[in-house]
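Residue numbers (UniProt numbering): 1 to 73.
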Amino acid sequence: MPIPPTMNELINDLLRRIEVGEFPPASQIPSTQQLADHYDVSVSTIHRAVAALREQGVLVGRPGRQGPGKVVR
């Protein structure tokens, strides 16, 4: 069974995926649950990583949505 990534590894991998164009600007990244399943971490871990990327200005919330609608800036 693979070892789940640390928070910094998770954030860095999401940044890498954005930089290489897997998640282009103005696109929505996968759902919280999809990311949690992909990285084998809890949903709360994904929420913390997304919050960190929002603080860095990498992701923005999608207006008019409840929950973590996440769009690449």
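Virtual Cβ for every residue (Gly too), placed ideally from N, Cα, C.
Cβ-based burial, residue i [other Cβ within 10 Å; buried from 16]
{"i": "Thr32", "result": "buried"}
Sequence-distant residues of the same chain with beta carbon closer than 8 Å to residue i, five excluded per side
{"i": "Asp13", "result": "Pro5 and Tyr39"}
{"i": "Leu59", "result": "Ile29, Val50, Leu53, Lys70, Val71, Val72 and Arg73"}
Chain-order list of residues whose beta-carbon lies under 7 Å from that of residue i (same chain, five-residue window excluded)
{"i": "Pro68", "result": "With a pLDDT of 48 at Pro68, under the threshold of 50, the modelled position of this residue cannot be trusted, and the question is left open."}
{"i": "residue 99", "result": "This structure cannot settle anything about residue 99, because the visible part of the chain is limited to 1 through 73."}
DSSP three-state assignment for residue i, whether helix, strand or coil
{"i": "Gln28", "result": "strand"}
6 Å CB neighbourhood of residue i in its chain, flanking five on each side removed
{"i": "Leu35", "result": "Ile46"}
Start-to-end residues for the beta strand (DSSP E) that takes in residue i
{"i": "Val60", "result": "Leu59 to Gly61"}
{"i": "Val20", "result": "It is not in any beta strand (DSSP E) - Val20 carries neither H nor E in the DSSP assignment."}
Residue i, enclosing alpha helix (DSSP H) - first and last residue
{"i": "Val43", "result": "Val43 to Glu55"}
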